[in-house]
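Structure record follows, encoded as structure tokens.
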Amino acid sequence: MFAAELLVAQNIGFAVIALAMIVGALRVVTTNNVVHAALWLVVVLSGAAAQYVLLAAEFVAITQVLVYIGAVMVLFLFGTMLTRARIGTERDLNNTYWRLGIPVAGVLFAAMAIALASSFGDEQLPKEPRVIGVQEISDQIFGPYLLPFWALSFVLLAAIIGAIVLARKD
Amino acid sequence: MLTSQFLVLGAILFCIGVYGVIARKNAVLVLMSIELILNSVNINLLAFALRNGSADGHTFALYIIAVAAAEVGVGLAMVLLIYRNRRSIGLDELSEMRG
Numbered sequence: 001m002f003a004a005e006l007l008v009a010q011n012i013g014f015a016v017i018a019l020a021m022i023v024g025a026l027r028v029v030t031t032n033n034v035v036h037a038a039l040w041l042v043v044v045l046s047g048a049a050a051q052y053v054l055l056a057a058e059f060v061a062i063t064q065v066l067v068y069i070g071a072v073m074v075l076f077l078f079g080t081m082l083t084r085a086r087i088g089t090e091r092d093l094n095n096t097y098w099r100l101g102i103p104v105a106g107v108l109f110a111a112m113a114i115a116l117a118s119s120f121g122d123e124q125l126p127k128e129p130r131v132i133g134v135q136e137i138s139d140q141i142f143g144p145y146l147l148p149f150w151a152l153s154f155v156l157l158a159a160i161i162g163a164i165v166l167a168r169k170d
Numbered sequence: 171m172l173t174s175q176f177l178v179l180g181a182i183l184f185c186i187g188v189y190g191v192i193a194r195k196n197a198v199l200v201l202m203s204i205e206l207i208l209n210s211v212n213i214n215l216l217a218f219a220l221r222n223g224s225a226d227g228h229t230f231a232l233y234i235i236a237v238a239a240a241e242v243g244v245g246l247a248m249v250l251l252i253y254r255n256r257r258s259i260g261l262d263e264l265s266e267m268r269g
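Chains as they are written, first to last, in our numbering: chain A, 1 to 170; chain E, 171 to 269.
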């Protein structure tokens, strides 16, 4: 009984968050104001963090909030402010051939929806999922995935140096 | 919860991101569309991690978040450099690489 009520609550939560995410994503790609696009992107990223909690991935959700909403959005807002004279509505944000994107996205979604429906159908996620804690994730990162972790550290170092070199005024 | 509801949500976000990459001319907006695509991939990875009871998906999702942060840093530095040299960040005006 309790499990059934929890499942209904999970599904309602999923639907509400998913709707907010889709509306936010559509506004990101259609709005005429770059700052508004950045703020709608915050809605999508927060919704993604909430979906991660629904998927029993708390650590990834917290990392998403810290890295994306905390750091990446600040970068986007700074980039917006540094690259334009005025902040506000403007035309000319879309390509002349922007309508080409609609059939491409539609065909892509149709192909993926058919593939998903034929391979997963109405398969249920496990009712009692195995809880994956931070300890297990760290065992993965510093065990079998240590080499990618080193590569990632190098990528981050190169990105920091590269960003400084690119953005520096000579 | 169905497995496919999360996968369909990821597919919708992915397609919206692809539309944004094709339709937008402003470089900052193209970078935002790429963030949408990366997030849809993360939702898929975590849905499969829950389905298979494995921690691999969590590890991959964390790596993707780190790579996305590096990508945004370098991307915005490039956008700043282009803006400083050309006073514009329209991607259709960058034609120096044309053969």
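Glycine included, every Cβ here is placed at the ideal spot set by N, Cα and C.
Rounded separation between GLU263 (chain E) and ALA193 (chain E) - CA only: Position 93 of the second sequence, counted from the start, is the residue given in the question as residue 263 (chain E). Position 23 of the second sequence, counted from the start, is the residue given in the question as residue 193 (chain E). Looking at the two C-alpha atoms, the distance is approximately 15 Å.
Looking at the structure shown, is ASN196 (chain E) part of a helix, part of a strand, or coil, going by DSSP? Taking the first residue of the second sequence as 1, we reach residue 196 (chain E) at position 26. ASN196 (chain E): strand per DSSP, three-state reduction.
Evaluate contact between the stretch 60-77 of chain A and the stretch 228-244 of chain E, counting only Cβ atoms and requiring at least three cross-stretch pairs below 8 Å. yes
Going by CA-CA distance only, name the one from A:HIS36, A:ASP122, A:ILE137 and A:VAL23 that's closest to VAL59 (chain A). As a working mapping, residue 59 (chain A) is identified with position 59 in the first sequence. Sequence check: residue 59 (chain A) is Phe here, not Val. Per the Cα distances, A:ILE137.
Environment of VAL188 (chain E) [buried if 16+ CB atoms lie within 10 Å]: Residue 188 (chain E) sits at position 18 when you count from the first residue of the second sequence. The residue in question, VAL188 (chain E), is buried, as its Cβ has 16 or more Cβ neighbours within 10 Å.
At a cut of 8 Å, does the stretch 87-106 of chain A reach the stretch 144-161 of chain A through at least three beta carbon pairs? no
Rounded separation between ARG27 (chain A) and LEU216 (chain E) - CA only: Stepping through the first sequence from its first residue, residue 27 (chain A) is reached at position 27. Stepping through the second sequence from its first residue, residue 216 (chain E) is reached at position 46. Looking at the two C-alpha atoms, the distance is approximately 25 Å.
Identify whether ASN95 (chain A) lies in helix, strand or coil by the three-state DSSP scheme. Here residue 95 (chain A) is taken as the residue at index 95 of the first sequence, counted from 1. In the structure shown, ASN95 (chain A) sits in coil (DSSP, three-state: anything other than H, G, I, E or B).
Quick one: Cα of SER203 (chain E) to Cα of ILE186 (chain E), how far? Stepping through the second sequence from its first residue, residue 203 (chain E) is reached at position 33. Stepping through the second sequence from its first residue, residue 186 (chain E) is reached at position 16. SER203 (chain E) and ILE186 (chain E) have their C-alpha atoms spaced approximately 8 Å apart.
Using a Cβ-Cβ cut-off of 8 Å, state whether ARG256 (chain E) counts as contacting chain A. Counting from one through the second sequence, the residue named residue 256 (chain E) turns up at place 86. Chain A contact via Cβ: absent.
Output the boundary residues of the alpha helix (DSSP H) element that contains SER153 (chain A). As a first step, residue 153 (chain A) is located in the first sequence; it is residue number 153 there, counting from the start. Taken as a continuous stretch (DSSP letters only), the alpha helix (DSSP H) holding SER153 (chain A) covers 146-167.
Which two residues bound the contiguous alpha helix (DSSP H) that contains ARG130 (chain A)? Numbered from 1 along the first sequence, position 130 holds the residue referred to as residue 130 (chain A). Where ARG130 (chain A) is concerned, there is no enclosing alpha helix (DSSP H), given that its DSSP letter is neither H nor E.
Are any of the Cβ atoms in chain A nearer than 8 Å to that of VAL198 (chain E)? To locate residue 198 (chain E), count along the second sequence from 1; it is residue 28. Yes - at least one Cβ of chain A is within 8 Å of the one on VAL198 (chain E).
Go ahead and label PHE142 (chain A) buried or exposed: buried means 16 or more other beta carbons lie within 10 angstroms of its beta carbon, across all protein chains shown. As a working note, residue 142 (chain A) is residue 142 in the first sequence. It is exposed - the Cβ of PHE142 (chain A) has fewer than 16 other Cβ atoms within 10 Å.
I need the boundaries of the alpha helix (DSSP H) containing ASP226 (chain E), first residue and last residue. Residue 226 (chain E) sits at position 56 when you count from the first residue of the second sequence. It spans 226-256 - the alpha helix (DSSP H) in which ASP226 (chain E) sits, taken as one unbroken run.
For THR31 (chain A) and VAL249 (chain E), which I take to be in contact (beta-carbon distance under 8 Å), what is that distance rounded to the nearest angstrom? Start at 1 with the first residue of the first sequence, and residue 31 (chain A) comes out as number 31. Start at 1 with the first residue of the second sequence, and residue 249 (chain E) comes out as number 79. Not confirmed; about 19 Å, so no contact.
If we count Cβ pairs, one from each stretch, closer than 8 Å, do we get three or more for the stretch 33-42 of chain A versus the stretch 194-213 of chain E? yes
LEU275 (chain E) in three-state terms, based on DSSP: Because chain E here runs from 171 to 269, residue 275 (chain E) falls outside it and cannot be looked at.
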